[in-house]
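In our numbering, the protein residues as written are 1 to 108. Every residue, glycine too, gets a C-beta built ideally from N, C-alpha and C. The structure appears below as C-alpha cells.
Written out as C-alpha cells, the structure is:
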C-alpha cells in the first residue's frame, strides 16, 4: 500500500512538471512565431527604406548632373560669426600670422 501511494505521488509530480514544461514550450513557440513575423515586417520596412534612399540618391544625382549651376556654397549661407556682438565691419582687425614657427621651440 505504501509503495502504491509513493508511486501515485511521483506520478502526480511528473504530470505536473510535464504540464508546466508543455505550457512553457507552447508559449515559447508562440513567442518565436511572433518574433519571426516581426522580423519579416522589419525586413520589409528596411527594403522600402533602401528603395526610398536609392530613389532620393538617383534624383539627387540627376539634379546635380543636369544643373550644375544650381549648386550653392555653405559659406554664403552662414551668417558672420560676430554678427550679434556689434562687430560688423571689423573682420580685418585681427591679424593671424601665416608662419606659426616659434623660435627655439621644436616639436617632437
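CA-CA distance, residue 55 to residue 47, rounds to 12 Å. Cβ-Cβ distances below 6 Å link residue 11 to nothing in the same chain once the five nearest sequence neighbours on each side are left out. Cα atoms of residue 21 and residue 45: separation of roughly 36 Å, rounded to the nearest angstrom.
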